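Asks: Got a structure here, written out as structure tokens. Questions coming.
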Amino acid sequence: MSTPIPVLIAGAGPSGLVLALTLAKNGVPVRIIEKDTKYHVGQRGAGIQPRSQDIYGYLGTLPDVVNAGRPNLLRCIYEMPGGTVPAKIYDMTPFNPPTPSVPNRNPIILGQAHNEEILRAHLAKHDVYIELCTELVGFEQSESGVTAHIVKHENGNETQETVHTRWLVGADGARSIVRKQLGLTFLGDTRQGEHIVIGDLEVKNLSRDFWHTWGSMSTKLIYLRPTEYDGIFSLLIGGQFDRDALINSREALLNHIRETTNRHELEFGIIKWLSDFKPNIRMVNKFGEGNVFIVGDAAHVHSPTGGQGMNTGVQDAFNLGWKLSLVYKGHASPSLLETYSEERLPVIDEMLNKTTVLLNKTLAFKSDGSNTASLDRPKILHMLGVNCRSSGIVVDEQPDAADAPKVGYLEEDWSVLYAGDRAPDASRILALGVQPVERSTLFKIFGPTHHTALVYTNVVDPEETKAVLEAIQTCPAGSMQTVAVLPHSFAHPAKLEGFDWTILDTNSYALAGYPPVAKGFGVIIVRPDGVVGAIVKGAEGVKRYLSGVFKL
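Mind the numbering: the sequence shown is residues -20 to -1, 1 to 532 in mature numbering (1 follows the signal peptide of the UniProt record, and there is no 0), read in order.
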């Protein structure tokens, strides 16, 4: 038997990689295996939504993502028949200017393979590397952990390995062996009549300034979208076509593209990858059992419309990662892990409803561009309203909190904030007591390795502030940062004793972004996943939150 490992992750797509990086940043030893013989290729889940950008910011990968990606392009819909004259040029996702509370407000288009490459590079900084050709074939679990059976495929040979791990996480896709062996249900719908072919290929003599669209699903449909790689386009074929011929014959594929688009001047080079796809809309009844969990496509599959699937998996992983870390360190009871399923199920349930509606609207798109509203991608898809307000571990003392909507996937609404919501950023804050004094943001203080307690000193009186700090001192060392928030009008601002950070809210953005403060709720606890864990008035509320999360 191999050396025991705290966490074994089966599957090295975005969900598995984000989980591994979250654990690595928390100092949790992790092993990640992938049955494929080489790293994934292709665009696949290419839209990185603003909520996932927030997560990548916490993990440190966002600058690389921004540098490599590109904004969503205008959609050029061509007159048919003909295929050369634009019938309409349309913006599916109009630009949203960043705000102090929401610095990431627009999707970034970056191929999933490139996204994974960035995540692997950051994992390597923690000496964590993906083991290719390594397949999970089965497991048994007991109270003490999981015994996993692995097969390594190398040079035509198979080597069997038995691994003991405290936790096994299946990030192994829609055909997940982990989900199947756990016996979790995967109910939903397969849209048999809506087959599509997707892939990446080299195209010449086609503008890279637009997402090109010919036809509709009722006849023949072609999408060609420029990728971040020069000359490479993402391809989607829908409507009426011979699936087997297109998948198995380069000549048949290229002829179909030319005939459908009527663009015979197009020249084609390499085909980087090609796959057929049937929209599946399914989800599990729970996200794990005992010491075994699932994330991403292993737990839920979506239609490709709306750019939600990959993003949802990333958010699964980030939710699970900080909880596993606390339990591994002995800072939290294993019961904390039960909240993973509790918090994610309502989100997925609502998200599947929304993506299915989008799929149906997209299928109704007309080739003349007369109903481009069917291609609209509303801001709710940015996922900034995804929440866990109904979670049993969040604490909210606001009088109206009990009546606040508890749907897991809501429209963004910056006029209110409840425990379980995304924690807003605040720009242009001044960090005091550091040399040199520097402008900063709350997002630079929040992070995946610790909770953060914001204490608004203009709301919480000195005696209550002292009691809040004393309550927080019962937390395990390093698990909670304390931040004193001084109003911009504070006389003689300086670092306050007892706090890890003292910030001067020079433009009142930290006040505006957190509306409960103006109503007297001056202590906000932000979780490691960037979710508001508690909105309370003082020490007693802090104690309630801590008792639900930490082993004190």
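Glycine is no exception: its CB is placed at the ideal position from the N, C-alpha and C atoms. All values reported here derive from a predicted model rather than from experimental measurement.
1. Between H468 and L449, is the Cβ-Cβ spacing less than 8 Å?
2. Which residues in the same chain as N6 place their Cβ atom closer than 6 Å to its Cβ, once the five residues preceding and following it in sequence are excluded?
3. Within the same chain, show all residues whose beta-carbon is closer than 7 Å to that of E418, passing over the 5 residues directly before and after it, in chain order.
4. Out of curiosity, what's the CA-to-CA distance linking S229 and D222?
5. Does R402 come out as helix, strand or coil in the three-state DSSP assignment?
6. Relative to the C-alpha of L186, which candidate in T199, L201 and L215 has its C-alpha closest?
7. What is the DSSP secondary structure of N260, counted as helix, strand or coil?
8. Please identify the residue among I227, V183 and T73 whose C-alpha is closest to the C-alpha of G211.
9. Hey, could you find the ends of the alpha helix (DSSP H) residue 533 is sitting in?
10. Quick one: give me the first and last residue of the alpha helix (DSSP H) that V272 is part of.
11. In the DSSP assignment, what residue or residues form a beta bridge with I130?
12. Drop a sphere of 10 angstroms on the beta-carbon of E123, count the other beta-carbons inside from all chains shown, and report buried for 16 or more, exposed for fewer.
13. In terms of residues, what are the limits of the beta strand (DSSP E) holding L410?
14. Can you give the beta carbon distance from L164 to T17, rounded, assuming they're within the 8 Å contact cut?
15. For I425 versus Q453, is the C-beta spacing smaller than 8 Å?
16. Going by other Cβ atoms of all chains shown within 10 Å of its Cβ, with 16 needed for buried, is D189 buried or exposed?
17. Out of T(-18), L42 and L(-4), point me to the one whose CA is closest to E141's CA.
18. Report, in whole angstroms, the separation of the C-beta atoms of P508 and W302, which I expect to be a contact under 8 Å.
19. Give me the Cα-Cα distance between N265 and H362, rounded to the nearest whole angstrom.
20. So what's G521 in DSSP terms, helix, strand or just coil?
21. Can you name, in chain order, every residue of its own chain whose Cβ lies under 8 Å from the Cβ of A514, other than the five neighbours on each side?
22. Pick out whichever of T421, G27 and T199 has its Cα sitting closest to the Cα of N487.
23. M54 to P(-15), Cα distance in whole Å?
24. Short of 6 Å in beta carbon distance, which residues of its chain neighbour P404, apart from the five on each side in sequence? Order them along the chain.
25. Looking at the structure shown, is K105 part of a helix, part of a strand, or coil, going by DSSP?
26. Would you kindly report the start and end of the unbroken alpha helix (DSSP H) that includes K5?
27. Looking at P43 and I89, is the spacing between their C-beta atoms short of 8 Å?
28. Just checking my contact of F269 with L162 at CB under 8 Å: how many whole Å lie between their CB atoms?
29. Measure the alpha-carbon distance for L(-4) versus E138 and round it to whole angstroms.
30. Nearest-angstrom Cα distance between L532 and L316?
31. According to the Cβ coordinates, are Y38 and V45 closer than 8 Å?
32. Just the Cα atoms here: how many angstroms apart are T2 and M290?
33. Return the Cβ separation of V465 and T437 in integer angstroms, given the expectation that the two are a contact with Cβ distance under 8 Å.
34. Kindly indicate which three-state DSSP category S321 falls into: helix, strand or coil?
35. List the residues that DSSP assigns as beta-bridge partners of A514.
36. As a quick exercise: from K132, H133 and G118, pick the residue whose alpha carbon is nearest that of V126.
Replies: According to the data block:
1. Residue numbering aside, residue 468 sits at position 488 when the sequence shown is read from its first letter. Residue numbering aside, residue 449 sits at position 469 when the sequence shown is read from its first letter. Going by C-beta atoms, H468 is not nearer than 8 Å to L449.
2. In the sequence shown, counting from the first residue as 1, residue 6 sits at position 26. Sequence-distant Cβ neighbours of N6 in its own chain, meaning closer than 6 Å and more than five residues away, are S305 and T429.
3. For the purposes of this step, residue 418 is identified with residue 438 of the sequence shown, where counting begins at 1. Around E418: A411.
4. Here residue 229 refers to the residue found at position 249 when the sequence shown is read from its first residue. Here residue 222 refers to the residue found at position 242 when the sequence shown is read from its first residue. Rounded to the nearest angstrom, the two C-alpha atoms are 11 Å apart.
5. Numbered from 1 along the sequence shown, position 422 holds the residue referred to as residue 402. Taken through DSSP and simplified to helix, strand or coil, R402 comes out as strand.
6. Residue 186 sits at position 206 when you count from the first residue of the sequence shown. Ranked by Cα distance from L186, the options T199, L201 and L215 are led by L215.
7. Mapped onto the sequence shown, residue 260 falls at position 280. DSSP, read as helix, strand or coil, puts N260 in strand.
8. On the sequence shown, position 231 is the one that residue 211 refers to. Of the listed residues, the one whose Cα sits closest to G211 is V183.
9. The displayed coordinates of the chain run from -20 to 532. Any statement about residue 533 would go beyond what the structure contains.
10. As a first step, residue 272 must be located in the sequence shown, where it is residue number 292. Taken as a continuous stretch (DSSP letters only), V272 belongs to no alpha helix (DSSP H), being part of the beta strand (DSSP E) at V272 to I274.
11. Here residue 130 corresponds to residue number 150 of the sequence shown, with the count starting at 1. Secondary-structure assignment with DSSP links I130 through a beta bridge to L116 and E141.
12. On the sequence shown, residue 123 is found 143 positions in, with the first residue counted as 1. Exposure of E123 is indicated by the presence of fewer than 16 other C-beta atoms within 10 angstroms of its C-beta.
13. As a first step, residue 410 is located in the sequence shown; it is residue number 430 there, counting from the start. Counted as a single uninterrupted DSSP element, the beta strand (DSSP E) harbouring L410 occupies residues I409 to L412.
14. As a first step, residue 164 must be located in the sequence shown, where it is residue number 184. As a first step, residue 17 must be located in the sequence shown, where it is residue number 37. Incorrect: roughly 28 Å between the Cβ atoms, too far for contact.
15. In the sequence shown, the residue the question calls residue 425 occupies position 445. In the sequence shown, the residue the question calls residue 453 occupies position 473. Contact flag unset, no.
16. Counted from its first residue, the sequence shown places residue 189 at position 209. Looking at its Cβ environment, which holds fewer than 16 other Cβ atoms inside 10 Å, D189 is exposed.
17. As a working mapping, residue 141 is identified with position 161 in the sequence shown. Checking every option, the nearest Cα to that of E141 belongs to T(-18).
18. One-based indexing of the sequence shown puts residue 508 at position 528. One-based indexing of the sequence shown puts residue 302 at position 322. That belief holds up - the Cβ atoms of P508 and W302 are roughly 4 Å apart, short of 8 Å.
19. Locating residue 265 in the sequence shown gives position 285, where the first residue counts as 1. Locating residue 362 in the sequence shown gives position 382, where the first residue counts as 1. In a straight line, the C-alpha of N265 is about 25 Å away from that of H362.
20. On the sequence shown, residue 521 is found 541 positions in, with the first residue counted as 1. In the structure shown, G521 sits in a helix (DSSP, three-state: H, G or I).
21. Residue 514 sits at position 534 when you count from the first residue of the sequence shown. Around A514: V374, V375, D376, A399, V503, I504, I505, G521, V522, R524 and Y525.
22. Reading the sequence shown from its first residue, position 507 is the one you call residue 487. Put simply, of T421, G27 and T199 the residue whose alpha carbon is nearest the alpha carbon of N487 is T421.
23. Within the sequence shown, the letter at position 74 stands for residue 54. Within the sequence shown, the letter at position 6 stands for residue -15. Correcting the residue identity first, residue 54 is Leu in this sequence and not Met. Rounded to whole angstroms, L54 to P(-15) spans 46 Å at the Cα level.
24. Counted from its first residue, the sequence shown places residue 404 at position 424. The beta carbon of P404 sits closer than 6 Å to the beta carbons of S81 and G493 from its chain, once the five residues preceding and following it are set aside; these are given in chain order.
25. Position 125 of the sequence shown, counting from 1, holds the residue named residue 105. The answer is coil: DSSP assigns K105 none of H, G, I, E or B.
26. The count along the sequence shown starts at 1 and reaches residue 5 at position 25. Start and end: P(-7) to K5.
27. Residue mapping note: residue 89 aligns to position 109 of the sequence shown, counting from 1. Residue mapping note: residue 43 aligns to position 63 of the sequence shown, counting from 1. I89 is not a Cβ neighbour of P43, given a cutoff of 8 Å.
28. For this step, residue 269 is matched to residue 289 along the sequence shown. For this step, residue 162 is matched to residue 182 along the sequence shown. The question names Phe, yet the displayed sequence has Glu at residue 269. About 5 Å; that satisfies the 8 Å criterion.
29. On the sequence shown, residue -4 is found 17 positions in, with the first residue counted as 1. On the sequence shown, residue 138 is found 158 positions in, with the first residue counted as 1. The alpha-carbon atoms of L(-4) and E138 are separated by roughly 25 Å.
30. Here residue 532 refers to the residue found at position 552 of the sequence shown. Here residue 316 refers to the residue found at position 336 of the sequence shown. Going by the C-alpha atoms only, they are around 13 Å apart.
31. For the purposes of this step, residue 38 is identified with residue 58 of the sequence shown, where counting begins at 1. For the purposes of this step, residue 45 is identified with residue 65 of the sequence shown, where counting begins at 1. Result no, Cβ atoms of Y38 and V45 do not sit closer than 8 Å.
32. Stepping through the sequence shown from its first residue, residue 2 is reached at position 22. Stepping through the sequence shown from its first residue, residue 290 is reached at position 310. Using only the alpha carbons, I get a separation of about 17 Å.
33. Position 485 of the sequence shown holds residue 465. Position 457 of the sequence shown holds residue 437. Indeed, because the Cβ distance is near 7 Å, the residues count as touching under 8 Å.
34. Numbered from 1 along the sequence shown, position 341 holds the residue referred to as residue 321. In the structure shown, S321 sits in a helix (DSSP, three-state: H, G or I).
35. On the sequence shown, position 534 is the one that residue 514 refers to. DSSP, once it has assigned bridges, lists V375 and I505 as partnering A514.
36. Counting from one through the sequence shown, the residue named residue 126 turns up at place 146. That would be G118, whose Cα lies nearest to the Cα of V126.
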